[in-house]
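Everything in the sequence shown is counted per this note's numbering, starting at 617 for the first residue and increasing by one.
Built from N, CA and C at the ideal position, the CB exists for glycine as well.
The structure under discussion appears below in the form of structure tokens.
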Amino acid sequence: MNHLPPSIIDMLKERKLATSEANYFVQHLDLGGDANAADGITVIMIVFHTGKVLFDSINRVMNDPHVTQFIIIDNGSSEKVAQMLRDLKEDHDHILLVQGHGNIGFGRAANLGAILANQPWLVFLNPDAMLQHDCTRRLIEAARNQPSPCIVGARLLNPDMSEQRGARRGEVTPVTTLVSLLHLFKWIPALQKYEIHYEDQPLPAGPAPVPTISGACFAVSKRDFARLKGFDSNFFLHVEDVDLCWRAREMGGTVLFHPQAEVVHEGHTSRVEPMFVERNKGNGLTYYFKKRAKGKGIWRMAYVWLLSPVIVSVSVARAMTRKRLRDDEDSDLPAE
């Protein structure tokens, strides 16, 4: 942490990055310069007990000639993984590694990465996602000269190279969420119109507007991320990407899905308890719906409050069907 500003070091030592503090730093991001005229890319990766696939993902970033800076925010790793990350940083000057602050949540960690970025373009990448050829360059090129703020999401692929669910989505509402979580459209055809996942639809010829992309891999200029004031750090895990897309569109910006910018997304590699993940997802969804309903009338708020406990319950129930990976994340790491 030697290269961080003293004020951030102090916060990390105290294992806190409060929402007000995170917002302060995001609001003071450098807004100067024209991102459209620049090419430098910072990749930001948030790490938390990911397992072997983490180093596969890191190697893809290291081999990308378009990446100028690589920021890894370690929200919590085993000591072996943490040391491997430190060794990696020692061998590569363009890596900035932040450790020792504990799990401050994805949104806060991502905001911290954006603050520390020294390039005009940001690519946020999950630690279980493998960049494919020319992905980062294609994302940046698609974002140039678009209505601001602009977010461009990659096409997510399963390991068998089929398109993964979630990379291009419609409007996320309480009804569409329940239809999606419960796959109700399979049993009630009339609900098909509420299905918001587009992976079964034909691919567009080029970058195309969609309401929502996935946070697993997307690009945004540092200037636009500052205009958006970063992620809402009230989301601890999940749904912060949905909220960011909504806010970009509310500001008159654009959200694009790029069919030729691809990543292979392993998914479900975390050693974290599924109940913890799904509970945070359910809580994030209800917070998002309540946030959007503010000022829209009493009936809109009542509708959200009525469905919120159902959404959380469904999310928790989903966790019961998921098998937790073994705790020993070191056992399948590459040999040193």
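Distance, residue j Cα to residue i Cα
| i | j | result |
| --- | --- | --- |
| Val659 | Ile687 | 6 Å |
| Arg863 | Phe905 | 13 Å |
| Gln959 | Pro790 | Since the displayed the chain opens at 617 and closes at 952, residue 959 lies outside it and no answer follows. |
| Arg753 | Glu815 | 23 Å |
| Trp803 | Tyr903 | 28 Å |
| Gly846 | Ala933 | 31 Å |
| Asp779 | Thr828 | Sequence inspection shows Glu at residue 779; the Asp mentioned does not correspond to that position. Computed Cα separation, rounded: 16 Å. |
| Arg799 | His813 | Looking at the sequence shown, residue 799 is not Arg but His. C-alpha separation (whole angstroms): 11 Å. |
| Phe801 | Val788 | 15 Å |
| Phe851 | Val893 | 12 Å |
| Glu811 | Ala783 | 14 Å |
| Lys705 | Ala909 | 44 Å |
| Val677 | Ala725 | 19 Å |
| Lys907 | Glu866 | 13 Å |
| Val714 | Gly831 | 20 Å |
| Arg702 | Asn679 | 18 Å |
Spatially closest choice to residue i from the options, by CA coordinates
| i | options | result |
| --- | --- | --- |
| Ile927 | Val768, Asn896, Lys912, Ala909 | Asn896 |
| Cys833 | His708, Pro681, Leu741, Leu728 | Leu741 |
| Pro743 | Gly692, His682, Val930, Phe873 | Gly692 |
| Gln735 | Asp840, Asp857, Asp672, Ile674 | Asp840 |
| Ile756 | Val795, Tyr903, Val683, Gly868 | Val683 |
| His665 | Glu695, His874, Asn679 | Glu695 |
| Gly721 | Ile711, Lys705, Ile689, Val795 | Ile689 |
| Trp924 | Lys705, Gly718, Ala933, Leu901 | According to the sequence shown, residue 924 is Ser rather than Trp. Looking at the Cα atoms, Leu901 is the closest of the given residues. |
| Gln876 | Ile812, Pro820, Glu706, Asp703 | Pro820 |
| His749 | Phe847, Asn675, Pro890 | Asn675 |
| Leu732 | Ala842, Ala758, Lys912, Gly883 | Ala842 |
| Asp776 | Gly869, Gly883, Leu713 | Gly883 |
| Met953 | Ala654, Ile711, Pro681, Val920 | A question about residue 953 goes unanswered here, because the residues of the chain that appear run from 617 up to 952. |
| Ala745 | Phe671, Met891, Pro890 | Phe671 |
Burial state of residue i (16 or more Cβ within 10 Å)
| i | result |
| --- | --- |
| Gln817 | exposed |
| Trp915 | exposed |
| Gly648 | Residue confidence for Gly648 is low, a pLDDT of 49 falling below 50, so the modelled location carries little weight and cannot support an answer. |
| Gly718 | exposed |
| His881 | buried |
| His708 | exposed |
| Ala806 | exposed |
| Lys838 | buried |
| Ser673 | buried |
| Pro765 | buried |
| Gly822 | exposed |
| Gly723 | buried |
DSSP-derived helix/strand/coil call for residue i
| i | result |
| --- | --- |
| Glu779 | strand |
| Thr793 | helix |
| Gly898 | helix |
| Asp690 | strand |
| Pro823 | coil |
| Val697 | helix |
| Tyr661 | Sequence inspection shows Met at residue 661; the Tyr mentioned does not correspond to that position. Three-state result, Met661: strand. |
| Ala933 | helix |
| Arg754 | helix |
| Gly723 | helix |
| Leu647 | Since pLDDT at Leu647 reaches only 49, below the 50 mark, its modelled position is unreliable, and the value read off the structure follows with that caveat. It is coil, neither helix nor strand. |
| Gln685 | strand |
| Ala770 | strand |
| Phe873 | strand |
| Phe905 | helix |
| Val880 | strand |
| Ala730 | helix |
| Leu738 | strand |
| Met678 | helix |
| Arg839 | helix |
| Met917 | helix |
Whole-number beta carbon distance between residue j and residue i, since they are thought to touch under 8 Å
| i | j | result |
| --- | --- | --- |
| Leu844 | Val768 | With 8 Å as the limit, Leu844 and Val768 do not qualify as a contact, their Cβ atoms being about 14 Å apart. |
| Leu738 | Ala835 | 7 Å |
| Ser931 | Gly898 | 3 Å |
| Pro763 | Gly667 | That pair is no contact at about 39 Å. |
| Glu878 | Ala770 | 6 Å |
The ligand PLP heavy atom lying under 7 Å from the CB of residue i
| i | result |
| --- | --- |
| Arg908 | With respect to the ligand PLP, the structure shown offers nothing to examine, as it has no ligands at all. |
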